[in-house]
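First comes the structure, then the notes that go with it.
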Amino acid sequence: MENGTQTAVFYILSGLIVGSAFMVVSLKNIFHSALFLVLCFFSVAGIYILLSAEFVAAVQVLIYVGAITVLLIFAIMLTAQLYSPSIRQSNEQVIPGIIIVGTLLIVTLSVLRRTSWRISTQGIEGQSTVSIGKSLLTTYVLPFEVVSLVLIAALIGAIIIARRE
Amino acid sequence: MPSDYAFVGLFLVFGVAFVLFVFLLSKLIAPYKPNPVKKENYECGEVPIGQGWVQFNVRYYLFAIIFVIFDVEVVFLFPWAVVYKSLGFFAFIEMLIFIAILIFGLVYVWRKGALKWV
Chain R
1 MENGTQTAVF YILSGLIVGS AFMVVSLKNI FHSALFLVLC FFSVAGIYIL LSAEFVAAVQ
61 VLIYVGAITV LLIFAIMLTA QLYSPSIRQS NEQVIPGIII VGTLLIVTLS VLRRTSWRIS
121 TQGIEGQSTV SIGKSLLTTY VLPFEVVSLV LIAALIGAII IARRE
Chain X
1001 MPSDYAFVGL FLVFGVAFVL FVFLLSKLIA PYKPNPVKKE NYECGEVPIG QGWVQFNVRY
1061 YLFAIIFVIF DVEVVFLFPW AVVYKSLGFF AFIEMLIFIA ILIFGLVYVW RKGALKWV
């Protein structure tokens, strides 16, 4: 019963992901594309919860659904002539695109088929957030502090680029 | 456990269904008699100038980037808060260093005047 429900939820979420991703690339109005991207990101967060990775799901919602989308929507609103019917959204590189994506698909599928997927017999112990917090503050304390330096570098870089105008 | 989130899923389904239901209801009940004046963009009762889709100021983007960076900082506070009691003072110092470095970033942004709207 439990397994059946999980499988059903997995297929619903996968359907949402694929469907919304298709809408992102096919819609005429890029603002609507950005909104469908939100749905796509949100469904991915659902998949993470299905995998008992609650912290990753929370990060997905906070960073991708929250911040990255805001960034994207701002970038869209900065563009001139956002909503004029004379602009074509698709570009001219259809044939190279098909070749590259097709190659990628074949490579990915062959890798997926050749890998022997080992299923762990032991379940997930406790809550993932606790173990992530523990290892972040004990074993990986140096990378954790370096993260703040990376963030500050990004901040200063953004300011310097933006101020040059 | 993923099954703990069944209620979240239920809430989501009902939330979406409710919005769809209300839209459908208003479509069924409300009379629909459009005319050019009604279909105009609403601009506080004034006659609208130009389209609703306008180009926004680049300045907003800088605020968005700063927001993203501090959003990532907040993400790191969550696992810290969960294990804070069991790790004690050492964890407190670590997070203090982490936040101090980022506060330096905030001060830098402030001093550069990037938070000011000129």
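Protein chains in written order, with my numbering: chain R, 1 to 165; chain X, 1001 to 1118. Don't be surprised by glycine CBs; every beta carbon is placed ideally from N, CA and C.
Where residue i sits in the DSSP three-state scheme
i: Glu1043 of chain X; result: strand
i: Arg1111 of chain X; result: helix
i: Ser22 of chain R; result: In the sequence on display, residue 22 of chain R carries Phe and not Ser. Residue state, collapsed to three classes: helix.
i: Gly1050 of chain X; result: coil
i: Ile119 of chain R; result: coil
i: Phe42 of chain R; result: helix
i: Pro143 of chain R; result: helix
i: Val1008 of chain X; result: helix
i: Leu136 of chain R; result: helix
Option nearest residue i by Cα separation, candidates the options
i: Phe1098 of chain X; options: R:Ala8, R:Phe10, R:Leu16 and R:Leu142; result: R:Leu142
i: Tyr1108 of chain X; options: R:Ile159, R:Ala21, R:Arg118 and R:Thr103; result: R:Ile159
i: Phe1090 of chain X; options: R:Glu92, R:Ser116 and R:Thr139; result: R:Thr139
i: Lys1112 of chain X; options: R:Phe31, R:Glu145 and R:Ile161; result: R:Ile161
i: Ile1049 of chain X; options: X:Glu1040, X:Ile1065 and X:Phe1056; result: X:Glu1040
i: Val1074 of chain X; options: R:Gly157, R:Leu151 and R:Arg163; result: R:Leu151
i: Ala8 of chain R; options: R:Ile47, R:Phe42, R:Trp117 and R:Ser20; result: R:Ile47
i: Asn91 of chain R; options: R:Phe10, R:Ser26, R:Ser14 and R:Gln6; result: R:Ser26
i: Leu62 of chain R; options: X:Gly1088, X:Phe1067 and X:Leu1012; result: X:Phe1067
i: Ile49 of chain R; options: X:Tyr1005, X:Leu1024 and X:Met1095; result: X:Tyr1005
i: Val44 of chain R; options: R:Phe74, R:Tyr11 and R:Lys28; result: R:Tyr11
i: Ile156 of chain R; options: X:Gly1045, X:Pro1036 and X:Leu1062; result: X:Leu1062
C-beta neighbour in chain X for residue i, strict 8 Å
i: Met77 of chain R; result: yes
i: Ile156 of chain R; result: yes
i: Leu104 of chain R; result: no
i: Leu37 of chain R; result: no
The ligand SAH heavy atom lying under 7 Å from the CB of residue i
i: Ile1101 of chain X; result: With respect to the ligand SAH, the structure shown offers nothing to examine, as it has no ligands at all.
Chain R contact for residue i (CB, 8 Å cutoff)
i: Ile1066 of chain X; result: yes
i: Gly1015 of chain X; result: no
i: Trp1110 of chain X; result: no
i: Glu1094 of chain X; result: yes
i: Val1019 of chain X; result: no
i: Val1058 of chain X; result: yes
The region 2-27 of chain R: which residues have C-beta closer than 8 Å to a C-beta of chain X, in chain order?
Residues passing the 8 Å Cβ filter: Glu2, Thr5, Gln6 and Val9.
Uninterrupted beta strand (DSSP E) stretches inside the region 46-86 of chain R (no shorter than 3 residues):
Runs found: none.
Relative to chain X, which residues along the region 59-78 of chain R have a C-beta separation below 8 Å, given in chain order?
Flagged, chain order: Val59, Leu62, Ile63, Gly66, Ala67, Ile68, Val70, Leu71, Phe74, Ala75, Met77 and Leu78.
Chain A contacts made by the region 128-144 of chain R, where a contact means CB separation under 8 Å:
Among the protein chains of the structure shown, namely R and X, there is no chain A.
Below 9 Å between beta carbons is the criterion; list the residues of the region 1070-1083 of chain X that meet it against any residue of chain R, in chain order.
Listed by position along the chain: Phe1070, Asp1071, Val1072, Glu1073, Val1074, Val1075, Phe1076, Phe1078, Pro1079, Trp1080, Ala1081, Val1082 and Val1083.
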